[in-house]
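First comes the structure, then the notes that go with it.
Number of protein chains: 2
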Amino acid sequence: MYRKKLKVLDCTIRDGGLINNYHFSDDFVKAVYRAICDSGVDIIEIGKKLCVGAEYTREKYGKWNFCDEDDIKRVVESHECANPPVLAVMYDVGRIDISALPPADQSVIGMVRTACYVPDIDKGLDLVKRTKDLGYETTINIMASSAAIEKDLIEALQQVNETPEVDYLYLVDSFGAFYSEQVTSYLKLYKENAPSKELGFHAHNNQQLGFSNTQQAIIDGVNLLDATINGIGRGAGNCNLELLLNFLKNPKFDVRPVYKVIQEHFVPLRHEMEWGFNDIYGISGYLNQHPREAMKHRANSKVRDNCYDFFLEATSEVA
Amino acid sequence: MYRKKLKVLDCTIRDGGLINNYHFSDDFVKAVYRAICDSGVDIIEIGKKLCVGAEYTREKYGKWNFCDEDDIKRVVESHECANPPVLAVMYDVGRIDISALPPADQSVIGMVRTACYVPDIDKGLDLVKRTKDLGYETTINIMASSAAIEKDLIEALQQVNETPEVDYLYLVDSFGAFYSEQVTSYLKLYKENAPSKELGFHAHNNQQLGFSNTQQAIIDGVNLLDATINGIGRGAGNCNLELLLNFLKNPKFDVRPVYKVIQEHFVPLRHEMEWGFNDIYGISGYLNQHPREAMKHRANSKVRDNCYDFFLEATSEVA
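Chains as they are written, first to last, in the numbering used here: chain A, 1 to 319; chain B, 1001 to 1319.
Given below as structure tokens:
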């Protein structure tokens, strides 16, 4: 599936950091950056850009929750790259300080992705406008669309459509609940209500559909695709970058540096961190639930593999 | 996706047995049978029905490579079931003795699936005719269609079309090489050249597409779907039965017994046997290769996670 406009965004560090509270070693982050550079991937999201607070310290929450310019620069300067990827960070509505963001021409960052739920769309779009005014490429990532009331979602999409500062509008399968037919029907809704926007797609792999749903998004016209190396990411993880690059067959990509960094850095990391499909996350996705209960279940070593018990609990809740 | 004609065939023991040479304990096989009965799955394939030989002994190759009537009966009689599944076995061309097969009305077996490669289609169809003459439901499972020369495949399909004894014609993604678009284009070929046949689909999960490709097959009109509990099967395994039952939403199915047997029997089994996606199998599927090299690589504890090395080796072969 070759289409010139298609771009791939690697969010390995940002989504993977949700597992270990962004405590990746500098060597690991540099190795990921090197692999993304050498593989020709278009954009790398290196973390969140949140606001340090008394409780919210760098020691506790890890440097890639804050993405200081100097920290990013050290990574970028560690590897020479003829055609470097755009550097992106994520903004979470309510936890950022936009007054601390320099203009884009004074920053190593090129793209700011603003994540918000449907009820916070006004706050989200306000941030998008202000980041665009500072010169950044922008996205709005509407989370948990599968759990939104459709009327509210449609209104949010229409607001996005009327906001020229939004470069990309993201469909996000936060709960890993989509089958391909849901990808298609949500994208239809997005295109009908925000026809002026280029679209992005962010999958989760709860039901082993992260990669296939990303393919479906491509078929349905999405031009910005999220993926992570080895599928790393919270819970069941994301669409595997290496599978996606193989699928895309675009000569600008080279998958080998991705396999290399998996072999050298992700295989050892699996001894410290867990990600990927299992039946607990499968049930959570099937039921269109926030993954927090599934993650809690997996964190309890006594019950972590008890998918039958989890299914009974999850389906016995009284409405 | 509810369609009355859709049937699900569990091949947990038959495909899982390829990992451990069919050395499942009787308790395990009985637990699988119980789960399939109680979940309402239509058909259970309990093993292969090969011919015992001097080299080919039950001790070495495991009883479910041979599926003696008495062994199957002990399983069936271990659990009362109001609406029991049809019992299927697999025939491999060249390794069976049809003269030893009793008529269907004297057997606990109800379906014989004959597996063959394209060049053996005449032998395969001969077996199908003879099993049908004995009263069995029949399928022909053409293996490795992704590696067949299209002209030869088309001729094979036309022969199948002219063989009334074939109840189901199977598209088999032996190498886990298909994306959804290949599922669609192969099924188009199958329907064009064998329009008289009901179709079946058997996936492999090399690229995390076992489940999604099975969904695509349903969309494209396939009415007999293979799956295995927890996705067990050679290499990357198969389409997960529990995910498929959740997707189908057919009131005749109950997924809970499947989760129960996973919790009680498959979780412990993972300490002894390996199955499921990893990047070695992903590369093998992407390259449309027989999984034997990938399995050899995984069996070598020194290199089993070296996906970069495997990619380089696999792509450097001189044609």
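We put the beta carbon where it would ideally sit given N, CA and C, even for glycine.
Asked, Found
"Separation of A/S25 from A/H265, as counted between CA atoms", "11 Å"
"Anticipated Cβ contact below 8 Å, B/N1213 with B/D1173, distance rounded", "7 Å"
"Near-chain B residues of the segment 243-265 of chain A (beta-carbon distance less than 7 Å), N- to C-terminal order", "L243, N246, F247, R256, Y259, K260, I262, Q263"
"Beta-carbon gap between A/L127 and A/Y91 smaller than 8 Å", "yes"
"CB contact below 8 Å: A/S180 versus chain B", "yes"
"Proximity to B/A1148 [Cα-Cα], best of B/D1133, B/L1134, B/C1116, B/K1123", "B/C1116"
"Among B/H1202, B/A1236, B/Q1216, B/Q1208, the one whose alpha carbon lies nearest that of B/L1225", "B/H1202"
"Close Cβ partners of A/D71 (< 6 Å) along its chain, the five nearest in sequence each way excluded", "K63"
"Whole-angstrom distance between B/S1180 and A/T249, CA atom to CA atom", "In the sequence as presented, Thr is not what sits at residue 249 of chain A; that position holds Lys. Each residue's Cα considered, the two are about 16 Å apart."
"Close Cβ partners of A/K260 (< 8 Å) along its chain, the five nearest in sequence each way excluded", "A35"
"Option in B/D1038, B/Q1106, B/D1027 with minimal Cα separation from B/N1083", "B/D1038"
"Proximity below 8 Å, CB of A/E192 to CB of A/D167", "no"
"Proximity test, Cβ basis, 8 Å: B/V1267 and chain A", "yes"
"Residues of the segment 297-311 of chain A whose Cβ lies closer than 9 Å to any Cβ of chain B, in chain order", "D305, N306, C307, Y308, D309, F310, F311"
"C-alpha distance - B/V1255 paired with B/N1240, whole-angstrom precision", "12 Å"
"Selection from B/N1246, B/A1194, B/C1307 that minimises the alpha carbon distance to A/V258", "B/C1307"
"Three-state secondary structure assigned by DSSP to A/H202", "strand"
"In chain order, each beta strand (DSSP E) run of at least 3 residues that lies wholly inside the segment 1071-1127 of chain B", "1086-1092, 1111-1116"
"Nearest neighbour of A/N288, chosen from A/G276, A/E59, A/A314 [CA to CA]", "A/A314"
"Cutoff 8 Å: A/F175 Cβ touching any chain B Cβ", "no"
"Min CB distance A/D279 to chain B below 8 Å", "yes"
"At least 3 beta-carbon pairs within less than 8 Å: the segment 93-102 of chain A vs the segment 15-30 of chain A", "no"
"Option nearest B/V1032 by Cα separation, candidates B/L1050, B/C1011, B/N1021", "B/C1011"
"Any non-hydrogen atom of the ligand SAH within 7 Å of B/I1013 CB", "The model depicted lacks the ligand SAH and carries no ligand whatsoever."
"Span of the alpha helix (DSSP H) around B/N1141", "Note, B/N1141: premise wrong, no alpha helix (DSSP H); beta strand (DSSP E) at 1137-1142."
"Alpha carbon of A/M295 to alpha carbon of A/G235, nearest angstrom", "6 Å"
"Extent of the continuous beta strand (DSSP E) run through B/G1016", "Where B/G1016 is concerned, there is no enclosing beta strand (DSSP E), although the alpha helix (DSSP H) it sits in stretches over 1012-1020."
"C-beta atoms of A/F211 and B/L1209 nearer than 8 Å", "yes"
"Residue from A/V222, A/V303, A/N206, A/T228 with nearest C-alpha to A/I283", "A/N206"
"Short CB-CB distance (under 8 Å) between B/Y965 and chain A", "Here chain B has residues from 1001 to 1319 only, and residue 965 of chain B is not among them."
"Opening and closing residue of the beta strand (DSSP E) in which A/E45 lies", "43-48"
"Beta-carbon proximity of B/A1144 to B/I1121, cut-off 8 Å", "no"
"Secondary structure of A/N65, DSSP reduced to three states", "helix"
"Nearest-angstrom Cα separation, counted from A/G200 out to A/V160", "13 Å"
"Backbone CA spacing between B/A1299 and B/R1292 [nearest angstrom]", "10 Å"
"A/N240 - DSSP class collapsed to helix/strand/coil", "strand"
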